[in-house]
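Each remark here refers to the structure printed beneath this line.
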Amino acid sequence: MGRLRTHSRIPVGGARCKNLISKKLALIRLRKEILPQIAGKSYIPFMVQTVVSRSAVGEASAARDEYLKAYRLMLLARVLDDKFASLYRMGKINGGVFLGRGQEAFSVAAGVALKKGDVYAPLIRDAAGRIAFGEPILDAIRSFFGSRLGPTRGRDGNVHRGRPRDGHLPMISHLGAMISVVNGVLFAHRMKGVTGTVGIASIGDGGTSTGAFHEALNQAAVEKLPLVMMIANNEYAYSTPTDRQYACENLVQRAVGYGVRGHSLDGTDLEECLKVVGAAVAAARAGNGPQFVVARLLRLCGHGEHDDASYVDSNLKSTTTGRDCLKVAEAHIVEAGWGGANDLANWRAEAIQKVEESVARVQRDPTPDPYEEDWCALSTRRLSEGEPASPSRP
Ligand SMILES: Cc1ncc(C[n+]2csc(CCOP(=O)(O)OP(=O)(O)O)c2C)c(N)n1
Ligand SMILES: [Mg+2]
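Quick note: to get the numbering used here, add 1224 to the position in the sequence shown (first position is 1).
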């Protein structure tokens, strides 16, 4: 341990003492003469104001940085989705293509709020959330192209991929089924004594009508699991409008019935998404049990790219719910003075370059070789834990 320094050890007189005296005199002059002149006020309020505004400036710049980071992640997801749509139309993708256009702000907020060690069960419209939680875009591209180097080694064509080790649960298509899987992981954390983790399960308005959804949410509520249930109410389940889906006024009312906290938000407003989803995740992390977050938004595409969505009520498109969250975010950035037209164009160009380079790279990937692969429909530890590909072993 170091020795404590006492006043008696400070030399009296000499250069050090003169220095201290002149510093003190300078400070007195600063307080009494200079600061009042600058501020036009007495020095005390001026000093107080400086401290407060410094922390306010810090908070504002942290909020700006988070917003811009989230915007660029949702932009990357949109550019990637647009690329998949065009590849699908060119006949270069076998199987379905499902996009998240219009849902990026809500989705990205999930990925931004999660931390290492958390768990995320995304759905088909969650490209933005996946990227924000750390999934490389190569995983998505390799899945769509059926690459042997992809997360499922070419066994799945689109969205059923994941990285379980990193908390990205591979989704299965059965609506509502992934919520109990998230509960299971959260139970496992509890039993292992892992604390402070959160699980997000994503679902659509249609998925909230399944038995699996009700059972899992009830279980999470009774067990006070740190589950955040994110519901993207995009007005349709395939072609079924919400008035044929539920009879309550707003889906958030269901939270009361489960005894969980409900949050409702405008899913086209990135700022609100970051704030409300961030608060819900923080509440679950702090031990306040499951949180139920419902976003109002519109699916700005078909159910899949095979669907022209001609059944969507065109009046909806001119409402707040029908806004494009990406355009709303861009207007906000310009209005707040965080970037101009040039910045927006540069960020888009960077996203396009990243997507184009990644697609070109995957197009050179090896495809599964039916003469070498030992095809196996069952998951193995090697597959689920993402060990390096070996074509000859299942
Ligand atoms: C249990 C179950 N029933 C039906 C389906 C078929 N299905 C797949 S997506 C979908 C519509 C989902 O609508 P919603 O939950 O609102 O999500 P959105 O597609 O609007 O994002 C349906 C009915 C399914 N996958 N699982
Ligand atoms: Mg829906």
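For glycine and all other residues, C-beta sits at the position ideal for the given N, C-alpha and C.
Being a predicted model, the structure only gives us computed values, none of them experimental.
For residue i, count the other beta carbons within 10 Å of its own beta carbon; 16 or more makes it buried, fewer makes it exposed. Which is it?
| i | result |
| --- | --- |
| C1472 | exposed |
| Q1577 | exposed |
| D1289 | exposed |
| L1441 | buried |
| A1555 | exposed |
| A1461 | buried |
| E1283 | exposed |
| S1397 | exposed |
| L1347 | buried |
| S1285 | exposed |
| S1586 | The residue asked about is misnamed: residue 1586 is Val in this sequence, not Ser. So V1586 counts as buried. |
| S1371 | buried |
| G1420 | exposed |
| N1382 | buried |
| D1467 | exposed |
Nearest-angstrom Cα distance between residue i and residue j?
| i | j | result |
| --- | --- | --- |
| G1486 | A1533 | 30 Å |
| Y1535 | R1354 | 29 Å |
| V1409 | V1343 | 8 Å |
| A1294 | A1436 | 31 Å |
| L1521 | I1427 | 13 Å |
| A1584 | E1447 | 47 Å |
| N1566 | I1365 | 28 Å |
| G1374 | A1401 | 24 Å |
| H1413 | M1298 | 30 Å |
| G1341 | I1424 | 12 Å |
| P1594 | L1362 | 23 Å |
| A1456 | R1572 | 25 Å |
| E1495 | Y1291 | 7 Å |
| V1281 | C1549 | 26 Å |
| K1551 | K1416 | 44 Å |
| V1406 | R1278 | 41 Å |
| R1523 | G1386 | 24 Å |
| L1311 | I1317 | 6 Å |
| D1493 | N1458 | 14 Å |
| A1444 | Y1482 | 9 Å |
| V1558 | R1547 | 17 Å |
| A1333 | A1560 | 20 Å |
| T1464 | D1429 | 10 Å |
| P1450 | G1511 | 7 Å |
| A1519 | S1488 | 6 Å |
| I1580 | M1395 | Note that residue 1580 corresponds to Glu in the displayed sequence, not to Ile. Going from the Cα of E1580 to the Cα of M1395 covers about 26 Å. |
| E1439 | S1433 | 11 Å |
| T1543 | D1537 | 11 Å |
| A1287 | A1356 | 16 Å |
| P1592 | G1378 | 6 Å |
For the beta strand (DSSP E) containing residue i, name the first residue and the last one.
| i | result |
| --- | --- |
| H1487 | 1485–1490 |
| N1457 | 1451–1457 |
| I1396 | That residue, I1396, is in no beta strand (DSSP E); it is neither H nor E in DSSP. |
| G1430 | It is not in any beta strand (DSSP E) - G1430 carries neither H nor E in the DSSP assignment. |
| A1560 | Element bounds for A1560: n/a, residue is neither H nor E. |
Go ahead and pull the three-state DSSP assignment for residue i.
| i | result |
| --- | --- |
| N1407 | helix |
| Y1535 | coil |
| R1387 | strand |
| Y1312 | helix |
| T1544 | helix |
| Y1470 | coil |
| G1423 | strand |
| Y1344 | strand |
| Y1462 | coil |
| Y1295 | helix |
| D1289 | helix |
| C1525 | coil |
| G1417 | coil |
| L1323 | coil |
| E1283 | helix |
| D1593 | coil |
Starting from residue i, follow the alpha helix (DSSP H) in both directions and report where the run begins and ends.
| i | result |
| --- | --- |
| S1582 | 1565–1587 |
| Q1180 | Outside the shown range of the chain (1225 to 1618) lies residue 1180, about which nothing can therefore be said. |
| Y1482 | 1478–1482 |
| V1505 | 1494–1509 |
| D1363 | 1361–1369 |
| L1441 | 1435–1446 |
| R1377 | Taken as a continuous stretch (DSSP letters only), R1377 belongs to no alpha helix (DSSP H), as it is neither H nor E. |
| V1633 | Here the chain covers residues 1225 to 1618 and nothing more, so residue 1633 does not appear. |
| R1354 | 1351–1356 |
With residue i and residue j assumed to form a contact (beta carbons below 8 Å), what rounded beta-carbon distance in angstroms separates them?
| i | j | result |
| --- | --- | --- |
| A1504 | V1484 | Wrong, their Cβ atoms sit about 10 Å apart, outside the cutoff. |
| R1349 | F1369 | Going by Cβ atoms, the distance from R1349 to F1369 rounds to 20 Å, so no, they are not a contact pair. |
| Q1515 | V1452 | 5 Å |
| F1330 | C1497 | 5 Å |
| G1320 | A1301 | Incorrect: roughly 18 Å between the Cβ atoms, too far for contact. |
Any C-beta of chain D sitting closer than 8 Å to the C-beta of residue i?
| i | result |
| --- | --- |
| I1317 | The structure shown contains no chain D, having only a single protein chain. |
What do you reckon, is the C-beta of residue i under 7 Å from a heavy atom of ligand 3?
| i | result |
| --- | --- |
| L1323 | For the structure depicted, ligand 3 is absent and the ligand set comprises only ligand 1 and ligand 2. |
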